[in-house]
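Engineer:
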Amino acid sequence: MDFKELWGIADWAVLVLYFIGVMSVGFVMHRRASKNFKSFFVAGRRLTVPVLIGVAAAGWYDSWTIVGLGELGGTVGLSIVTFYVIPSSLLRLPLAIWIGPLTRNKLPDYVMTLPDMIRYFYNKSSGVLAAIGPVASQLYCCALLFAVGEVLHMVSGAPIWITMIIAGAAIVVYTALAGMWALAVTDLIQFAVMTVSAGVVIWGIFSHFGGGAEFYDAVSASDPEKLNLFGHQTVGTAFGYIISAASMYVNAQSYQRFGAAKGESEIRTAYSLVLMIGGIFSAAMVIVGMAASIMHPDAASPSEGFWATVFSVLPTGARGLFVASLIAAVMSTVSAEFLITGGILVKNIFKDLFKPDLSDQNILKGSRIMIVALGIFVICGSWFWRNGIGNAWTIIGGFQVAVFFVPILGGFFYKKKTPMGGLITIILSVIFYAIWQFALNAPMGIPSSAATWVFSLIVYFIVCNATQNSVKGGAAEGGTEDVK
Amino acid sequence: MSNEKRNWGNICAVLVLVSVVLMIVCMLCAPGALLIGTVIIMVLSGPICLIAYLLELRKGVFVNDEE
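Line by line, the protein sequences give chains P and Z.
In this text, residue positions in the first sequence follow our numbering: the first is 326, and each later residue adds one.
In this text, residue positions in the second sequence follow our numbering: the first is 241, and each later residue adds one.
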């Protein structure tokens, strides 16, 4: 299918309007975000329910939710809802109703980043180790930016490197100008674009097939297993999908956004609503993928089939809206990663390790410079090293989820935690993960993250209890070290 | 935290569970409702949040942007 032929003036208008909208937010919010680092990084801790819904959705649902789930819908059908979409909603519910409110209310005001939090729970060394994961997430941003470049290239015919520069520059501008304030408002706009376009494309599918029952009949005629809630899955793959939901427990974006909320009740309400809406949005993308496998069975790739379906069922203008929704999903995730990494590099690495007396205004200024530098790195990385970068992120991202899951939960809930308990667990878990994943190749089909969780849980309890006596003055109750 | 606010949080958490159950039921025996329900929730939810934010902005909720 030639996507350029179907791309009309109305689609361009929607896309241009979207870009102008998100860029304008950066300029409008610039002044408000420039007061201090707290204002820039966590929006002065003033975000209310509607804005939190936008930022939560941006953090938890990215372009993979759109295209990745679409592709899985096309290949395995409804079982991906059973084993990924529903478990994700349920397993993240504790984050929304317990851990989020705890992060906002129980942690001191100066704890703003994930490394800050780990340092608060344990010690400085643990905090520095915790900075590696969020910084490495820039590698994932490279893959995301390339996806945007590809889609814009598909509809415009412009070279991918130009489309990547345009998208990357737009993200850098509004993030560097207004930090979390810009993210909060742009995420909300992006959330609205994503949900409306998902609704429109599902309506297009409903109309194309003439109803839900007719759609099911067509799927059944093509491959009845796709309507089986357990179809096309093995125990291993199903288990892998289920535990992948736990990645949000070590996601730096989640904790930064909990900290930006106005209060704990706002987190409960907003994040619960996001889990509901996000679950339905994810299921919608699975349905689009299933429709694609029927409507375009000969597509060169599941991704091409997905886009061909979207362009077939949507009228001009709505196509622009759907493309904007994918770009929105990517931009919201990448901008959040830029902000968090910029803040961590300056506050948790440069200030903590090299310049402890760095002023708040200089942290803010440094974060802005780092965001621009990260933007340049990600644009170059997307183009020159995307394959290697994708592999590197898979490895580092896997480490992050496996290694920090137990120390984070222990930090919140285990009263006997000790600084050595956290540090030794992190170090030994890194070694264990490397051996299990790379030397033993995940024996017995047990995923490396699950095996590492069991290992780190045992180490954590043993070391915390063994080092209890060395902890003085109730440090184990939280706040083992002042991170100021 | 006021009781009213806490109740809203709890109601929303229960809504997650209800939506999951409804999703399973619709996937099994009501595909039409699954598609139509998805369309309605998707088309309404994003714009409602955006409008709610604009109303808050108008009320001056973000005027004092520091705790």
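By construction, the Cβ of each residue, glycine as well, lies at the ideal position given by its N, Cα and C atoms.
What residues of chain Z sit near P/THR390, judged by a beta carbon separation below 7 Å?
Structural biologist: In chain order: nothing, as chain Z lies at least about 13 Å away.
Engineer: Which chain P residues are close to Z/CYS269, counting only those with a beta carbon under 7 Å from its beta carbon?
Structural biologist: By Cβ distance, chain P contributes nothing, its closest Cβ being about 10 Å from Z/CYS269, past 7 Å.
Engineer: At a Cβ cut of 8 Å, what residues of the stretch 365-378 of chain P count as close to chain Z, listed as they run along the chain?
Structural biologist: Listed by position, the residues of the stretch 365-378 of chain P near chain Z (Cβ gap below 8 Å) are ALA368, GLY369, ARG370, ARG371, THR373, VAL374, PRO375, VAL376 and ILE378.
Engineer: By DSSP's criteria, P/ALA586 is part of a beta bridge. Which residues make up the other side?
Structural biologist: Its beta-bridge partners are P/LEU372.
Engineer: What is the DSSP secondary structure of P/HIS621, reduced to helix, strand or coil?
Structural biologist: Note: P/HIS621 maps to coil in three-state DSSP.
Engineer: Please confirm whether P/HIS609 has its beta-carbon closer than 8 Å to some beta-carbon of chain Z.
Structural biologist: Residue 609 of chain P is actually Ala in this sequence, not His. So yes, P/ALA609 belongs to the interface.
Engineer: According to DSSP, is P/ASN553 part of a helix, a strand, or is it coil?
Structural biologist: Coil, per DSSP.
Engineer: Which residues in chain P have a C-beta closer than 7 Å to the C-beta of Z/LYS208? List them in chain order.
Structural biologist: Outside the modelled stretch of chain Z, which goes from 241 to 307, sits residue 208 of chain Z, for which no answer is possible.
Engineer: In chain order, what residues of the same chain lie with their CB nearer than 6 Å to the CB of Z/GLU307, ignoring the 5 residues before and after it?
Structural biologist: Residue confidence for Z/GLU307 is low, a pLDDT of 48 falling below 50, so the modelled location carries little weight and cannot support an answer.
Engineer: Quick one: what's got a C-beta closer than 8 Å to P/VAL350's C-beta in the same chain, skipping five residues either side?
Structural biologist: Excluding sequence neighbours, P/VAL350 sits near TYR499, ALA503, ALA507, VAL510, THR511 and ILE514.
Engineer: Is the stretch 651-663 of chain P close to the stretch 515-524 of chain P, with three or more CB pairs under 8 Å?
Structural biologist: Yes, since at least three Cβ pairs between the stretch 651-663 of chain P and the stretch 515-524 of chain P fall closer than 8 Å, the two stretches touch.
Engineer: Give a yes or no on whether 8 Å exceeds the smallest Cβ distance from P/ARG356 to chain Z.
Structural biologist: With 8 Å as the cut-off, P/ARG356 does not count as an interface residue toward chain Z.
Engineer: Are P/VAL788 and P/ILE749 close, meaning C-beta to C-beta below 8 Å?
Structural biologist: The answer is yes: Cβ separation under 8 Å.
Engineer: When the Cα atoms are used, what is the spatial distance from P/GLY588 to Z/GLY249?
Structural biologist: Those two C-alpha atoms are separated by around 11 Å.
Engineer: Can you tell me whether P/ASP441 is buried or exposed, with buried defined as 16 or more other CB within 10 angstroms of its CB?
Structural biologist: The residue in question, P/ASP441, is buried, as its Cβ has 16 or more Cβ neighbours within 10 Å.
Engineer: If you run the structure through DSSP and keep just helix, strand and coil, what is P/THR500?
Structural biologist: Correct three-state label for P/THR500: helix.
Engineer: Excluding the five sequence neighbours on either side, which residues of its own chain have a C-beta within less than 7 Å of the C-beta of P/LEU439, listed in chain order?
Structural biologist: So the list reads ALA455, PRO459, ALA577 and TYR580, once near-sequence residues are dropped.
Engineer: Between P/LYS680 and P/ALA571, what straight-line distance do the alpha-carbon atoms span, to the nearest angstrom?
Structural biologist: Computed Cα separation, rounded: 35 Å.
Engineer: Quick one: grab the DSSP three-state call for P/MET437.
Structural biologist: Of the three classes helix, strand and coil, the one that applies to P/MET437 here is coil, per DSSP.
Engineer: Roughly how many angstroms separate the alpha carbons of P/ALA561 and P/ALA383, rounded to a whole number?
Structural biologist: According to the sequence as given, residue 561 of chain P is Gly; it is not Ala. Cα to Cα, the separation comes out at about 29 Å.
Engineer: Is there at least one Cβ from chain Z nearer than 8 Å to P/LYS809's Cβ?
Structural biologist: Interpretation of P/LYS809 is limited by its pLDDT of 40, a score under 50 that renders its predicted location unreliable; no figure is taken from the coordinates.
Engineer: Please check the pair P/MET573 and P/PHE366, which I expect to be a contact at CB under 8 Å, by giving their CB distance rounded to whole angstroms.
Structural biologist: With a Cβ gap of about 20 Å, P/MET573 and P/PHE366 do not count as contacting.
Engineer: Residues of chain Z with a CB under 9 Å from the CB of P/ARG429: which are they?
Structural biologist: Those within 9 Å of P/ARG429 in chain Z number zero; the least Cβ separation is about 11 Å.
Engineer: Is the stretch 364-380 of chain P touching the stretch 278-296 of chain Z, taking contact as three or more C-beta pairs under 8 Å?
Structural biologist: Verdict: yes, contact present.
Engineer: Closest to P/SER590 by C-alpha separation, out of P/GLY746, P/LEU415, P/THR428 and P/TRP761, would be which residue?
Structural biologist: Among P/GLY746, P/LEU415, P/THR428 and P/TRP761, the Cα nearest to that of P/SER590 belongs to P/THR428.
Engineer: Check each residue of the stretch 572-606 of chain P: if its Cβ is closer than 7 Å to any Cβ of chain Z, include it; give the result in chain order.
Structural biologist: Those would be GLY588, GLU589, SER590, ARG593, THR594, SER597, LEU598, LEU600, MET601, ILE602, GLY604, ILE605 and PHE606, in chain order.
Engineer: What three-state label does DSSP hand P/ALA335 in the structure shown?
Structural biologist: Residue state, collapsed to three classes: helix.
Engineer: Would you kindly work out how many angstroms separate the C-alpha atoms of P/SER364 and P/ARG370, rounded to a whole number?
Structural biologist: For P/SER364 and P/ARG370, the distance between alpha carbons rounds to 8 Å.
Engineer: Residues of chain Z with a CB under 9 Å from the CB of P/THR520: which are they?
Structural biologist: Residues of chain Z passing the Cβ test: ILE281, MET282, VAL283, LEU284, SER285, GLY286, PRO287 and CYS289.
Engineer: Which same chain residues end up closer than 7 Å to P/HIS355 when comparing Cβ atoms and leaving out the 5 residues on each side of it in sequence?
Structural biologist: LEU502 and ALA503, listed in sequence order.
Engineer: By the criterion of Cβ-Cβ separation under 7 Å, what are the contact partners of Z/GLY272 in chain P?
Structural biologist: What Z/GLY272 touches in chain P: GLY536, GLY537 and ALA538.
Engineer: Tell me which residues share the same chain as P/TYR409 and place their Cβ nearer than 6 Å to its Cβ, disregarding the 5 neighbours each side in the sequence.
Structural biologist: If we look at P/TYR409 and ignore the five residues flanking it on each side, its Cβ neighbours are TYR566.
Engineer: Within the same chain, show all residues whose beta-carbon is closer than 7 Å to that of P/ASN766, passing over the 5 residues directly before and after it, in chain order.
Structural biologist: Closer than 7 Å at Cβ, skipping near neighbours: no residue.
Engineer: Taking 8 Å as the cut-off, decide whether the C-beta atoms of P/ALA608 and P/VAL525 are in contact.
Structural biologist: Contact: no.
Engineer: Since P/GLY614 and P/GLU396 are thought to touch, with beta carbons under 8 Å apart, how far apart are those beta carbons, to the nearest angstrom?
Structural biologist: Right, the Cβ-Cβ distance comes to about 6 Å (below 8 Å), so this counts as a contact.
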